[in-house]
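A.B. asks: Below are the structure tokens for one structure; questions will follow.
Residue numbers (our numbering): 1484 to 1943.
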């Protein structure tokens, strides 16, 4: 599941005067509790529907810009996304070095101007110089002139260093920043577009999960409106689409990870070259004998440009290998949700019958499903069962059953219950008729009796 946010669990309202078979203490019999760690319930800001096989506590964490420690996560496309945080950290580092070089260049320019100004102090007027050898002879005036030349050399070096930083180093660093910002924007846009189908699928799953829980609760209250089995089928259908979206998302993140890895290594290489230029200039013009600068040159000559990214991937492997909690291959069976596997979503009998339908009310093919919750669903063909869209749904728990001749029977549903009205069915023979009637009457007997609902649902 999404490990950085705990999903809220909707409360079930059930009468306290009976033992609710769907309470948490009965979940061994009725499926998954609403508080299951891999519940498909999610907040509007995060997706907590993940395969149970991928659920694990976070093995790595990050500190965000506000100083909060959060479980590391990849693929969200927001400020807490590991890839975004990595790019943002790169941008901050480059920005700081760029700001340093800019300030250093401005300082060097100021120093050059200052040294040029200092030179005025070395000007010897003619009134004093007339008593000494000329500047072309090896005398006092020549010595003062040598100091002046040294001052000019220092001023020129400061000026050259300022120009070097302003025209070479800083533009290169600014270009890196622009590339980082562009890559961040491109990644965010791609992930945002991929997130649209994910959110749509998640919304559909959440809606059906809510309907399933509500349907189960209403059956316990004897206010059945829809069959939990229908919503369970709808959840599976939605999860199938979700898995397709999840798998596509995983592939997209995998491609982005590869691309960002190459970009990161390229950044490291170019950044190290910029630092090399800076250090070489220091050695040649300012710190020719500095041992620390010499050691830095040696380090830069063997600088491994891919080590940083490899270390990043190793440190945050658990989050990067399961972006947003997704596996590489997601299947509907791996997802957990409330009442998954509950007897309330079981089929007690299914098969082929004939049902009177159409304007002329003639018998036609029908694929019938009778569920544990006391519903009979009629589909035009077996393949439509997974689509959870029956032609009719009858709440047979409140039905009147009439056996007729020639292997036919009639189901009458009173007003106020799903499928109200009369429906006629025909079996292939008398044996099949009795088999179907036995199941139907058993649901009338159990689901129609408030005190037998708990017993029937205790049979998983």
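The beta-carbon is built from N, C-alpha and C at its ideal position, and this holds for glycine as well.
#1: If you count every other CB in all the chains shown that lies within 10 Å of the CB of residue 1860, and 16 or more means buried, which is it?
#2: Go ahead and label residue 1548 buried or exposed: buried means 16 or more other beta carbons lie within 10 angstroms of its beta carbon, across all protein chains shown.
#3: Quick check: what's the CA-CA separation for residue 1663 versus residue 1737?
#4: On the CB-based measure, 16 or more other CB atoms within 10 Å of its CB, does residue 1645 come out buried or exposed?
#5: Quick check on this structure: which residue in 1839, 1819, 1636 has the alpha carbon closest to the alpha carbon of residue 1718?
#6: Near residue 1684, which residues of its chain fall below 7 Å by C-beta distance, leaving aside the five closest residues on each side in sequence?
#7: Look up residue 1567 in the DSSP assignment and give the residues it is bridged to.
#8: Can you tell me whether residue 1734 is buried or exposed, with buried defined as 16 or more other CB within 10 angstroms of its CB?
#9: In this structure, what does DSSP give as the bridge partners for residue 1847?
#10: Output yes or no for whether 9 Å exceeds the beta carbon distance between residue 1896 and residue 1924.
#11: Do you know how far the Cα of residue 1888 is from the Cα of residue 1916?
#12: Per DSSP, residue 1862 forms a beta bridge with which residues?
#13: Under the three-state reduction of DSSP, which class applies to residue 1928: helix, strand or coil?
#14: By how many angstroms is the C-alpha of residue 1837 removed from the C-alpha of residue 1913?
#15: Run through the DSSP bridge pairs and tell me what residue 1906 is partnered with.
#16: Given a cut-off of 9 Å, decide if residue 1699 and residue 1890 are closer than it, judged by their beta-carbon atoms.
#17: Just how far apart, CA to CA, sit residue 1746 and residue 1656?
#18: Please classify residue 1885: does DSSP put it in a helix, a strand, or coil?
#19: Just checking, does the region 1672-1692 make contact with the region 1700-1707 on the three C-beta pairs under 8 Å criterion?
#20: Let me know the secondary structure DSSP gives residue 1619 once reduced to three states.
C.D. replies: In this structure, then:
#1: Burial call: buried.
#2: exposed
#3: Taking C-alpha positions only, residue 1663 is separated from residue 1737 by approximately 19 Å.
#4: buried
#5: 1819
#6: 1721, 1724, 1725, 1728
#7: Residue 1567 is not bridged to any residue.
#8: exposed
#9: 1838
#10: no
#11: 10 Å
#12: 1850
#13: helix
#14: 14 Å
#15: As computed with DSSP, residue 1906 is found in a beta bridge with 1894.
#16: Inclusion of residue 1890 and residue 1699 in the CB contact set at 9 Å is not warranted, their separation being larger than that value.
#17: 15 Å
#18: strand
#19: no
#20: The three-state reading of DSSP puts residue 1619 in coil, since its state is none of H, G, I, E or B.
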